[in-house]
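The structure appears right after this line, and notes come after that.
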Amino acid sequence: MSAGIGFGGQGSTYKVVAGQGLGPRTRIISLSNTDMTQAELNEMIQLLTAGGTKGVDDAVTVAGITAFVDGVTDVVYVAVQGTGTLTAGATYRGQTGTTMAVVADFDQNPA
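Mapping the sequence shown onto the working numbering, position 56 (from 1) lands on 36, and the numbers just tick up by one.
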(Lines of atoms letter the chains of each structure in order from A and count residues from 1; the text may use other names and numbers.)
(Lines give C-alpha, C1' and ligand atoms only; values in the text may rest on other atoms or scores of the structure.)
Protein backbone atom coordinates (compact mmCIF):
# COMPACT_ATOMS: atom_id res chain seq x y z
CA MET A 1 0.00 0.00 0.00
CA SER A 2 1.13 3.53 -0.64
CA ALA A 3 1.20 6.39 1.80
CA GLY A 4 -1.20 9.32 1.47
CA ILE A 5 -2.27 12.46 3.31
CA GLY A 6 -2.69 11.65 6.97
CA PHE A 7 -1.55 8.03 6.60
CA GLY A 8 1.58 6.21 7.66
CA GLY A 9 3.67 4.00 5.43
CA GLN A 10 3.42 0.27 4.85
CA GLY A 11 2.97 -1.69 8.06
CA SER A 12 1.81 1.33 10.09
CA THR A 13 -1.48 1.81 11.89
CA TYR A 14 -2.77 4.23 9.21
CA LYS A 15 -3.78 6.91 11.68
CA VAL A 16 -5.83 9.62 9.98
CA VAL A 17 -4.77 13.15 10.97
CA ALA A 18 -5.69 16.64 9.79
CA GLY A 19 -3.52 17.91 6.98
CA GLN A 20 -3.29 18.60 3.29
CA GLY A 21 -0.84 19.05 0.45
CA LEU A 22 -2.47 22.06 -1.20
CA GLY A 23 -0.35 24.85 0.28
CA PRO A 24 -0.46 26.61 3.65
CA ARG A 25 -4.26 26.96 3.63
CA THR A 26 -6.97 26.17 1.09
CA ARG A 27 -10.65 26.79 1.72
CA ILE A 28 -13.65 25.79 -0.31
CA ILE A 29 -16.31 28.48 -0.15
CA SER A 30 -19.79 28.68 -1.61
CA LEU A 31 -21.22 31.80 -3.19
CA SER A 32 -25.02 31.63 -3.30
CA ASN A 33 -27.34 33.97 -5.18
CA THR A 34 -30.56 33.05 -7.02
CA ASP A 35 -29.93 32.94 -10.79
CA MET A 36 -26.45 34.47 -10.36
CA THR A 37 -25.24 36.49 -13.31
CA GLN A 38 -21.74 36.54 -14.78
CA ALA A 39 -21.39 40.16 -13.63
CA GLU A 40 -22.27 39.18 -10.03
CA LEU A 41 -19.78 36.30 -10.07
CA ASN A 42 -17.08 38.51 -11.59
CA GLU A 43 -17.67 41.11 -8.85
CA MET A 44 -17.42 38.49 -6.08
CA ILE A 45 -14.18 37.06 -7.47
CA GLN A 46 -12.72 40.56 -7.78
CA LEU A 47 -13.68 41.35 -4.17
CA LEU A 48 -12.15 38.08 -2.90
CA THR A 49 -8.84 38.65 -4.68
CA ALA A 50 -8.62 42.33 -3.73
CA GLY A 51 -9.43 41.81 -0.06
CA GLY A 52 -11.34 44.14 2.20
CA THR A 53 -10.79 45.15 5.79
CA LYS A 54 -7.50 43.62 6.97
CA GLY A 55 -8.12 40.91 9.55
CA VAL A 56 -11.78 40.62 8.55
CA ASP A 57 -11.71 39.81 4.84
CA ASP A 58 -8.13 39.42 3.67
CA ALA A 59 -7.23 38.93 0.01
CA VAL A 60 -7.08 35.37 -1.28
CA THR A 61 -5.96 33.68 -4.48
CA VAL A 62 -8.64 31.85 -6.45
CA ALA A 63 -7.44 28.33 -7.26
CA GLY A 64 -10.62 26.95 -8.85
CA ILE A 65 -14.29 27.59 -9.61
CA THR A 66 -17.03 25.04 -10.28
CA ALA A 67 -19.12 25.08 -13.46
CA PHE A 68 -21.38 28.10 -13.84
CA VAL A 69 -24.25 29.02 -16.16
CA ASP A 70 -25.00 32.76 -16.40
CA GLY A 71 -28.44 33.59 -14.99
CA VAL A 72 -29.16 29.96 -14.01
CA THR A 73 -26.67 28.78 -11.39
CA ASP A 74 -27.61 29.47 -7.75
CA VAL A 75 -24.47 28.17 -5.99
CA VAL A 76 -20.83 28.37 -7.12
CA TYR A 77 -18.02 26.66 -5.19
CA VAL A 78 -14.67 28.42 -5.18
CA ALA A 79 -11.33 27.07 -3.96
CA VAL A 80 -9.34 29.92 -2.43
CA GLN A 81 -5.82 29.94 -1.02
CA GLY A 82 -4.43 32.29 1.59
CA THR A 83 -3.80 32.30 5.31
CA GLY A 84 -5.77 35.46 6.10
CA THR A 85 -9.23 35.78 7.59
CA LEU A 86 -12.47 35.25 5.67
CA THR A 87 -15.74 36.25 7.32
CA ALA A 88 -18.76 34.39 5.91
CA GLY A 89 -22.27 35.79 5.80
CA ALA A 90 -25.23 37.16 3.89
CA THR A 91 -24.96 40.27 1.71
CA TYR A 92 -21.29 39.29 1.44
CA ARG A 93 -18.98 42.27 1.04
CA GLY A 94 -22.03 44.47 0.39
CA GLN A 95 -23.34 42.36 -2.51
CA THR A 96 -27.12 42.22 -2.01
CA GLY A 97 -28.48 38.70 -2.36
CA THR A 98 -25.08 36.96 -2.22
CA THR A 99 -24.23 34.70 0.71
CA MET A 100 -20.75 33.31 1.29
CA ALA A 101 -20.11 30.22 3.41
CA VAL A 102 -16.91 28.32 4.17
CA VAL A 103 -17.62 24.69 3.22
CA ALA A 104 -14.20 23.17 3.97
CA ASP A 105 -10.94 24.46 5.45
CA PHE A 106 -7.70 22.60 4.68
CA ASP A 107 -5.09 24.09 6.98
CA GLN A 108 -1.51 22.78 6.76
CA ASN A 109 -0.94 23.97 10.33
CA PRO A 110 -4.19 23.35 12.21
CA ALA A 111 -4.37 24.66 15.77
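Beta carbons: idealized from backbone N, C-alpha and C, even for Gly.
Look at the alpha carbon of V82 and the alpha carbon of L11, and state the distance between them as a whole number of angstroms. The sequence position of residue 82 within the sequence shown is 102, counting from 1. The sequence position of residue 11 within the sequence shown is 31, counting from 1. Approximately 9 Å, taken between the alpha carbons.
Would you report the Cα separation of T65 and T78, rounded to the nearest angstrom? Sequence index remark: in the sequence shown, residue 65 carries index 85 (1-based). Sequence index remark: in the sequence shown, residue 78 carries index 98 (1-based). In a straight line, the C-alpha of T65 is about 19 Å away from that of T78.
Quick check on the DSSP output: the beta strand (DSSP E) that includes L11 runs from which residue to which? Position 31 of the sequence shown, counting from 1, holds the residue named residue 11. Secondary structure note for L11: its beta strand (DSSP E) is the uninterrupted segment R5 to S12.
Reference A43, options Q88, V55, T67 and L28, closest by Cα: Along the sequence shown, read from residue 1 onward, the residue named residue 43 stands at position 63. Here the closest residue by C-alpha is L28.
With distances taken Cα to Cα, identify the nearest neighbour of T53 among D15, L2, R5 and T6. Taking the sequence shown and counting its residues from 1, one reaches residue 53 at position 73. Ranking D15, L2, R5 and T6 by Cα distance to T53 puts D15 first.
First and last residue of the uninterrupted alpha helix (DSSP H) at A19: In the sequence shown, counting from the first residue as 1, residue 19 sits at position 39. DSSP places A19 in the uninterrupted alpha helix (DSSP H) bounded by Q18 to A30.
What three-state label does DSSP hand G44 in the structure shown? Within the sequence shown, the letter at position 64 stands for residue 44. Strand.
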